[in-house]
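A.B. asks: This structure is in structure tokens; I'll ask about it shortly.
Residue numbers (my numbering): -2 to 516.
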């Protein structure tokens, strides 16, 4: 639409979303709209007006009157300007102060010249601004809000940088899931309350610091952010791609060096998911991959590695696995615990205790450890005799829940045996790397999530319940809500549902809720 307007000589003003409908605003070209053959005097150029505005603190704010149509004004205007369309000016002269000189602006200088003559006839001191907004456009755009990428938000969260988030989704969506962190403060004002202007949100905003406006997909937040910028707020940003993009962002963090390789963690801060990549001598193994396989494949390529193995520690219920897709695209082996695969409709290699997965030609080995409880097939991985990838069995601050397949009472005993017997026999020096985290406070200074096994036995409440009956009660009663669309996600991970990309996004929206404390 913008290209068509430009090619036909019309002026494309912009787009607004109203009740789910995109409305494009275009100002029709007019052969009559040319500059006056006899220019109105007095007049002032754009640059002179800019200088006047810059010195306003010393001289007092000048009165600027914009006589363009409301839609033109909405999509860009000089900060502080008043809007009275030329067609309404004669009936609204009472709104103006005759003691003040009025600087009048339109798109080209023609309407503003006519407005100046009208004002002069009624005793006002008027100055025409030429050429007006046709050459002021870039400057008004620079005052509109700029985007903030999900990556920038993630790094602000990890770096504990102060950030105020104005979330303009509806209240239920905000209450269920939002951007959170130790240095993040947020407030919720639904978009429909801000259609007439940003005033309802202003009392909630901090006096200084960055303001990030967030919505589901970007459009509404961009509209509100521009309103805030036009109201005089300087550091206003909108979340690029909205909360859907935030949900999908992956932040890679190096965990450490291995015997001839490296171990990386992919933090998904919008959902609390954690994935892993082991790289050694040009080969890679991916563990608990997200559905955003492009980012994972690109990361491996940057390191000159070919993905040879894609491993899922269990059949996931909170997010759609990208493991099988990565394996198909890379020609790799896809590993899945056999006891979680009774209903899958695709080939896989059984992930079983006693087998070893080799990465590269070095001594890096991945050793499966059968650890049921979250699912009947849950299998942990010991990597390079130093790291324990615990899947959804053990987290930094909690333990896994056994109820997502409707087997809470049957599997709670398996969960206890894994945590209190199987893991107890493992070396206490192992560094635990879970598949999820529950709270932003679990992120270390570099953004990683990890803990020594011995420290978890000392500090994790779920590992310190001596009475078996009390443990069963803790993991089966008063659990947090189950993950959104978890049944459909399980069916998708079995290969029994094939939702399209947008449907997959909708299924994953919201927190992961795989731990017993994730409420």
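Ideal Cβ placement from N, Cα and C applies to all residues, glycine included.
Quick one: what does DSSP say residue 501 is sitting in, helix, strand or coil?
C.D. replies: As a working note, residue 501 is residue 504 in the chain shown. Correct three-state label for residue 501: helix.
A.B. asks: Let me know if residue 350 comes out buried or exposed under the rule of 16 or more other beta-carbons within 10 Å of its beta-carbon.
C.D. replies: The count along the chain shown starts at 1 and reaches residue 350 at position 353. Result: exposed.
A.B. asks: With H, G and I counted as helix, E and B as strand and the rest as coil, what does DSSP make of residue 296?
C.D. replies: Your numbering for residue 296 matches position 299 in the chain shown. Helix, per DSSP.
A.B. asks: Pop quiz: residue 373 and residue 337 are said to be a contact at Cβ under 8 angstroms. What is the actual Cβ separation, rounded to whole angstroms?
C.D. replies: Residue numbering aside, residue 373 sits at position 376 when the chain shown is read from its first letter. Residue numbering aside, residue 337 sits at position 340 when the chain shown is read from its first letter. Going by Cβ atoms, the distance from residue 373 to residue 337 rounds to 7 angstroms, so yes, they are a contact pair.
A.B. asks: What's the C-alpha gap between residue 146 and residue 161?
C.D. replies: Your numbering for residue 146 matches position 149 in the chain shown. Your numbering for residue 161 matches position 164 in the chain shown. Taking the straight line from one Cα to the other gives about 15 angstroms.
A.B. asks: Quick one: any contact between the segment 200 to 216 and the segment 230 to 238, if contact means 3 or more CB pairs under 8 angstroms?
C.D. replies: With a cut-off of 8 angstroms, the segment 230 to 238 and the segment 200 to 216 count as touching, because enough Cβ pairs lie within range.
A.B. asks: Does residue 120 pass the burial test, meaning 16 or more other C-beta atoms within 10 Å, or should it be called exposed?
C.D. replies: The sequence position of residue 120 within the chain shown is 123, counting from 1. Exposed, because fewer than 16 other Cβ atoms sit within 10 Å of the Cβ of residue 120.
A.B. asks: First and last residue of the alpha helix (DSSP H) that includes residue 217?
C.D. replies: For the purposes of this step, residue 217 is identified with residue 220 of the chain shown, where counting begins at 1. Looking at the DSSP string, the run of the alpha helix (DSSP H) that includes residue 217 is 216 to 227.
A.B. asks: Is it true that the CB of residue 255 sits closer than 8 angstroms to the CB of residue 366?
C.D. replies: Position 369 of the chain shown, counting from 1, holds the residue named residue 366. Position 258 of the chain shown, counting from 1, holds the residue named residue 255. No; because the gap between Cβ atoms is not below 8 angstroms, this pair is not in contact.
A.B. asks: Please name the residue, chosen from 124, 90, 94, 171, that lies closest to residue 43 on a Cα-to-Cα basis.
C.D. replies: The residue you call residue 43 lines up with position 46 of the chain shown. It is 124.
A.B. asks: Name the residue from 238, 118, 357, 267 whose alpha carbon lies nearest to the alpha carbon of residue 281.
C.D. replies: Counted from its first residue, the chain shown places residue 281 at position 284. Minimum Cα distance to residue 281 is reached at 357.
A.B. asks: On the DSSP bridge assignment, give the partners of residue 265 in chain order.
C.D. replies: Indexing the chain shown from 1 puts residue 265 at position 268. Answer by DSSP bridge pairing, in chain order: 270.
A.B. asks: Just mark residue 450 as buried or exposed, buried being the case when its beta carbon has 16 or more other beta carbons within 10 Å.
C.D. replies: Position 453 of the chain shown, counted from the start, is the residue given in the question as residue 450. With 16 or more Cβ atoms within 10 Å of its Cβ, residue 450 is classed as buried.
A.B. asks: Three-state secondary structure (DSSP) at residue 158?
C.D. replies: Within the chain shown, the letter at position 161 stands for residue 158. Note: residue 158 maps to coil in three-state DSSP.
A.B. asks: Can you list, in chain order, the residues of its chain with a C-beta nearer than 7 angstroms to that of residue 462? Leave out the 5 residues immediately preceding and following it.
C.D. replies: Counted from its first residue, the chain shown places residue 462 at position 465. Taken in chain order, the residues that qualify are 468, 471.
A.B. asks: So residue 442 packs on residue 394, CB below 8 angstroms; how close in whole Å?
C.D. replies: As a position in the chain shown, residue 442 is number 445, starting the count at 1. As a position in the chain shown, residue 394 is number 397, starting the count at 1. Residue 442 to residue 394, Cβ: 17 angstroms. No contact.
A.B. asks: Leaving out five residues before and five after residue 296 in sequence, what residues of the same chain have Cβ atoms less than 7 angstroms from its Cβ?
C.D. replies: If you number the chain shown from 1, residue 296 lands on position 299. Once the five neighbours on either side are set aside, the close Cβ partners of residue 296 are 249, 274.
A.B. asks: Identify whether residue 43 lies in helix, strand or coil by the three-state DSSP scheme.
C.D. replies: One-based indexing of the chain shown puts residue 43 at position 46. Note: residue 43 maps to helix in three-state DSSP.
A.B. asks: Locate the beta strand (DSSP E) running through residue 456, then write down its first and last residues.
C.D. replies: Here residue 456 refers to the residue found at position 459 when the chain shown is read from its first residue. Taken as a continuous stretch (DSSP letters only), residue 456 belongs to no beta strand (DSSP E), being part of the alpha helix (DSSP H) at 450 to 456.
A.B. asks: What does the Cβ neighbour count give for residue 29, buried or exposed, with the cut at 16 atoms within 10 Å?
C.D. replies: Working through the chain shown from its first residue, we reach residue 29 at position 32. Confidence at residue 29 is low in this model, with a pLDDT of 46, below 50, so the placement of that residue should be treated as unreliable; the coordinate-derived value is given next. The residue in question, residue 29, is exposed, as its Cβ has fewer than 16 Cβ neighbours within 10 Å.
A.B. asks: To the nearest angstrom, report how far apart residue 380 and residue 252 are at their CA atoms.
C.D. replies: To locate residue 380, count along the chain shown from 1; it is residue 383. To locate residue 252, count along the chain shown from 1; it is residue 255. If you take the alpha carbons of residue 380 and residue 252, they lie about 12 angstroms apart.
A.B. asks: At which residues does the beta strand (DSSP E) containing residue 241 begin and terminate?
C.D. replies: Numbered from its first residue, the chain shown carries residue 241 at position 244. Premise fails: residue 241 lies in the alpha helix (DSSP H), 239 to 245, not in any beta strand (DSSP E).
A.B. asks: Tell me whether residue 499 is buried or exposed, calling it buried when 16 or more other Cβ atoms sit within 10 Å of its Cβ.
C.D. replies: Counting from 1 along the chain shown, the entry for residue 499 is found at position 502. Residue 499 should be labelled exposed.
A.B. asks: Can you grab the Cα-Cα spacing for the pair residue 240 / residue 68, in whole Å?
C.D. replies: Position 243 of the chain shown holds residue 240. Position 71 of the chain shown holds residue 68. For residue 240 and residue 68, the distance between alpha carbons rounds to 28 angstroms.
A.B. asks: When DSSP labels each residue in this structure, what does residue 205 get in the three-state scheme?
C.D. replies: Taking the first residue of the chain shown as position 1, residue 205 is located at position 208. In the structure shown, residue 205 sits in coil (DSSP, three-state: anything other than H, G, I, E or B).
A.B. asks: Please name the residue in 284, 149, 371 whose C-alpha comes closest to that of residue 331.
C.D. replies: Counted from its first residue, the chain shown places residue 331 at position 334. Looking at the Cα atoms, 284 is the closest of the given residues.
A.B. asks: Please state whether DSSP places residue 412 in a helix, a strand or coil.
C.D. replies: By 1-based counting over the chain shown, the position of residue 412 is 415. The answer is helix: DSSP assigns residue 412 an H, G or I state.
A.B. asks: Counting along the chain, where does the beta strand (DSSP E) carrying residue 429 start and finish?
C.D. replies: Walking along the chain shown from the start, residue 429 turns up at place 432. Taken as a continuous stretch (DSSP letters only), the beta strand (DSSP E) holding residue 429 covers 428 to 431.
A.B. asks: Starting from the N-terminal side, write out each stretch of the beta strand (DSSP E) that is 3 residues or longer and does not extend beyond the segment 163 to 187.
C.D. replies: If we require 3 residues or more, the beta strand (DSSP E) runs fully inside the segment 163 to 187 come out as 181 to 185.
A.B. asks: Counting beta carbon pairs with one atom in the segment 76 to 86 and one in the segment 98 to 117, are three or more of them shorter than 8 angstroms?
C.D. replies: A contact exists between the segment 98 to 117 and the segment 76 to 86.
A.B. asks: Is it true that the segment 216 to 225 meets the segment 410 to 428, where meeting means three or more beta-carbon pairs spaced less than 8 angstroms apart?
C.D. replies: No, because fewer than three Cβ pairs between the segment 216 to 225 and the segment 410 to 428 fall closer than 8 angstroms, the two stretches do not touch.
A.B. asks: Of all the options 265, 194, 353, which has the alpha carbon lying nearest to the alpha carbon of residue 154?
C.D. replies: Position 157 of the chain shown, counting from 1, holds the residue named residue 154. Of 265, 194, 353, the residue nearest in Cα terms is 265.
A.B. asks: So, using beta-carbon positions, are residue 157 and residue 212 closer together than 8 angstroms?
C.D. replies: Counting from one through the chain shown, the residue named residue 157 turns up at place 160. Counting from one through the chain shown, the residue named residue 212 turns up at place 215. Not a contact, by the Cβ cut-off of 8 angstroms.
A.B. asks: Measuring straight from C-alpha to C-alpha, what distance separates residue 301 and residue 309?
C.D. replies: Taking the first residue of the chain shown as position 1, residue 301 is located at position 304. Taking the first residue of the chain shown as position 1, residue 309 is located at position 312. Roughly 23 angstroms between the two C-alpha positions.
A.B. asks: Would you please state the rounded distance, in angstroms, between the beta carbons of residue 388 and residue 432? I believe it to be under 8 angstroms.
C.D. replies: Within the chain shown, the letter at position 391 stands for residue 388. Within the chain shown, the letter at position 435 stands for residue 432. Going by Cβ atoms, the distance from residue 388 to residue 432 rounds to 5 angstroms, so yes, they are a contact pair.
A.B. asks: For residue 290, count neighbouring Cβ atoms within 10 angstroms of its own Cβ and tell me buried if that reaches 16, exposed if not.
C.D. replies: Locating residue 290 in the chain shown gives position 293, where the first residue counts as 1. Result: buried.
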